[in-house]
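Here's the structure we're looking at; comments come further down.
There are 2 protein chains.
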Amino acid sequence: MDTTLIAPKPRAAALGKREQTKAQNRQMILEAARGVFAELGYGATTVRDIIRATTLASGTFYNYFKSKEEIYQAIRDEAALAIRPQLRAERQKAATVEEFIQATFRTFFEIVTRDEVNFRTIRHSADATRMRMDTPEVIAGFEELREDIESGIARGVFPPIDADYLMAAIVGVAFEMTERILRRENRDAKAAADFATALFMGGIRALPHAGETPGGA
Amino acid sequence: MDTTLIAPKPRAAALGKREQTKAQNRQMILEAARGVFAELGYGATTVRDIIRATTLASGTFYNYFKSKEEIYQAIRDEAALAIRPQLRAERQKAATVEEFIQATFRTFFEIVTRDEVNFRTIRHSADATRMRMDTPEVIAGFEELREDIESGIARGVFPPIDADYLMAAIVGVAFEMTERILRRENRDAKAAADFATALFMGGIRALPHAGETPGGA
DNA sequence: CCGATCCATGACGAACCGTCAACTTTTGAC
DNA sequence: GTCAAAAGTTGACGGTTCGTCATGGATCGG
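For the record, the sequence lines run as chains C and U.
In terms of the numbering used here, the numbers along the first sequence are unbroken and rise by one, the last being 217.
In terms of the numbering used here, the numbers along the second sequence are unbroken and rise by one, the last being 1217.
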């Protein structure tokens, strides 16, 4: 295709210098935003705080994002886009309802405990208030889950239940339990996934009893 | 004008005029805030928007609330303080796990469908983003639920499970299902509560099948 | 080497923030 | 009824952030 004669730049420079610095700047701003949001909380940070944490000028921010809200969305969307294929792949390996549920919870909890920074629900700086924002790509992940449930119903793997409500139940448990898991000293993703799976498969009476030391890890 | 001679003002004037207008102003500001938040969404409203919707001057706002965040908190806390005693009372009537779960979901869903305005999760104005904020009194309600579960375990009504996780699961399902219920045309609090209760009692296989028209109401 | 294009820069006007001195109303004492 | 102290309201003010835009420097294609 193009060139050549001699070797093209080793890599990554398939893009011109222009495209390169643009990508760098965007990355620098996102990085700074992650840090500032984590430190000050969403409500307290300003666009100026973010840009001050980079080497760029204030006007430059607006070449990349429209507002504080949009960059926050970009950060969350990025995380959602990273996790969704993993969830979907695990679910599609499932042959039974139990495998489907187990895979969903285990994958989710493992990712969020491993990469806490990205998934920790943003907490308002000082006070006890908690906040959660679902961006478009996160919500698209919810819809994917519902589609997978519906497809399971169509194939006879799931009983013909209300897929919308079941999706909501799974999402609600996943996010709310995440909040509790991250608050604990021993973050045991597997134990949490076992708890949630048992609840969804057999109800409260099937839940592992606290204090038991199950054979597993 | 005020006359007197005869009966004291029929009621409510047990308080001096000062206390009276203070209560009125606070109420007027809260009322205006509810309206503005509902119209513009939390992120887009300013303290000035709220005070403009009253007859008061801008400085007066700060005699009652420190910030936009604090008045939002006050609104949510008010709702939480109203709903918590009802939830607790219903739960305490329960003699079995099933009654406990059923009462929790049914009471919650009935209240939120009846008084949608107060409980609808605040949505960011135009876009698809969703947001939820838990204020201290809401969180205190979570803790109450956990205490009730723990007390149930102590009395032998509940099996000895992880009360923290179960509380999180119930809360997560309640809030996330609320979001779906309010999006539907026919808001059936009972059907939703039956779904959630069946899930928690027997797991997915016990869920009512979609399309069934159960005998009950 | 040159003109065209792209983009970073930082200054600017507008909007909002939270405060505060001045003013009005209420209260309680005489 | 009168008056001084206390409480509370008012809107203007300095300070900060917002989003824009004219300017200028760097990159690109030729």
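The C-beta atom is built at its ideal place from N, Cα and C for all residues, glycine as well.
Residue j and residue i - do their beta-carbons sit closer together than 8 Å?
| i | j | result |
| --- | --- | --- |
| F1037 of chain U | V1047 of chain U | no |
| M1201 of chain U | T129 of chain C | no |
| T178 of chain C | V112 of chain C | yes |
| G1172 of chain U | G203 of chain C | no |
| T197 of chain C | Q102 of chain C | yes |
| F109 of chain C | A189 of chain C | yes |
| F1119 of chain U | A1079 of chain U | yes |
| I122 of chain C | Y42 of chain C | yes |
| L1030 of chain U | I1075 of chain U | yes |
| L1207 of chain U | P159 of chain C | yes |
Kindly list the residues whose CB is nearer than 7 Å to the CB of residue i, restricted to its own chain and excluding five residues on each side of it in sequence; keep chain order.
| i | result |
| --- | --- |
| Q1073 of chain U | T1135 |
| A53 of chain C | A32, G35, V36 |
| T107 of chain C | Q86, L87, E90 |
| R1018 of chain U | none |
| I223 of chain C | Shown here, chain C extends from 1 to 217; a query on residue 223 of chain C therefore has no answer. |
| E144 of chain C | R84, R88 |
| F1142 of chain U | M1167, V1171 |
| R205 of chain C | none |
With burial defined as no fewer than 16 other Cβ atoms inside 10 Å of the residue's Cβ, what is the status of residue i: buried or exposed?
| i | result |
| --- | --- |
| H124 of chain C | buried |
| T21 of chain C | exposed |
| R180 of chain C | buried |
| E176 of chain C | buried |
| G59 of chain C | exposed |
| R1146 of chain U | buried |
| K68 of chain C | buried |
| T96 of chain C | exposed |
| L1081 of chain U | exposed |
| I1006 of chain U | Model confidence at I1006 of chain U stands at a pLDDT of 39, short of 50, so the residue's coordinates are unreliable; what they give is reported in the following sentence. It counts as exposed. |
With a CB to CB cut of under 6 Å and the five nearest residues on each side skipped, what residues in its chain are close to residue i?
| i | result |
| --- | --- |
| L1056 of chain U | none |
| R1187 of chain U | T1113, I1181 |
| H209 of chain C | none |
| D1049 of chain U | V1036 |
| E98 of chain C | M201 |
| R26 of chain C | Y64 |
| F100 of chain C | R91, A94 |
| F1105 of chain U | A1193, A1196, T1197 |
| Q1024 of chain U | none |
With a threshold of 8 Å on Cβ separation, who are the neighbours of residue i within its own chain once the five nearest residues in sequence on each side are excluded?
| i | result |
| --- | --- |
| D1077 of chain U | T1135, P1136, E1137, V1138 |
| M1028 of chain U | T1054, T1055, L1056 |
| R1183 of chain U | none |
| I51 of chain C | I29, A32, A57, S58, T60, F61 |
| D1065 of chain U | In the sequence under discussion, the amino acid at residue 1065 of chain U is Phe, which differs from the Asp named in the question. Cβ within range, chain order: I1029, I1071, A1074. |
| R127 of chain C | Note that residue 127 of chain C is Asp in the sequence shown here, rather than Arg. Cβ neighbours of D127 of chain C beyond the five flanking positions: none. |
Sorry if obvious, but does the Cβ on residue i come closer than 7 Å to a heavy atom of the ligand NAD?
| i | result |
| --- | --- |
| G1059 of chain U | As for the ligand NAD, it is missing from this structure, which has no ligand bound. |
Near-chain C residues of the segment 1109-1143 of chain U (beta-carbon distance less than 8 Å), N- to C-terminal order: H1124, D1127, A1128, T1129, R1130, M1131, R1132, M1133, D1134, T1135, P1136, I1139
Three-pair Cβ contact test at 8 Å for the segment 1140-1150 of chain U versus the segment 143-162 of chain C: In this structure the segment 1140-1150 of chain U does not lie against the segment 143-162 of chain C, because fewer than three pairs of beta carbons, one per stretch, are closer than 8 Å.
Interfacial residues, the segment 1172-1193 of chain U to chain C, with Cβ spacing under 8 Å: G1172, V1173, A1174, F1175, E1176, M1177, E1179, R1180, A1192
Cβ contact check for the segment 181-197 of chain C and the segment 154-168 of chain C: 3 or more pairs under 8 Å: no
Contact set between the segment 62-79 of chain C and chain U, restricted to residues whose Cβ is under 8 Å from the partner: E69, Q73
Residues in the segment 1014-1046 of chain U having any Cβ partner in chain C nearer than 8 Å: G1043
Against chain U: residues of the segment 91-103 of chain C by CB proximity under 7 Å: V97
Near-chain U residues of the segment 152-173 of chain C - C-beta to any C-beta below 9 Å: I153, F158, P159, P160, I161, D162, A163, D164, Y165, L166, M167, A168, A169, I170, V171, G172, V173
Interface residues of the segment 197-213 of chain C facing chain U [CB-CB below 9 Å]: A198, L199, F200, M201, G202, G203, I204, R205, A206, L207, P208, H209, A210, G211, E212
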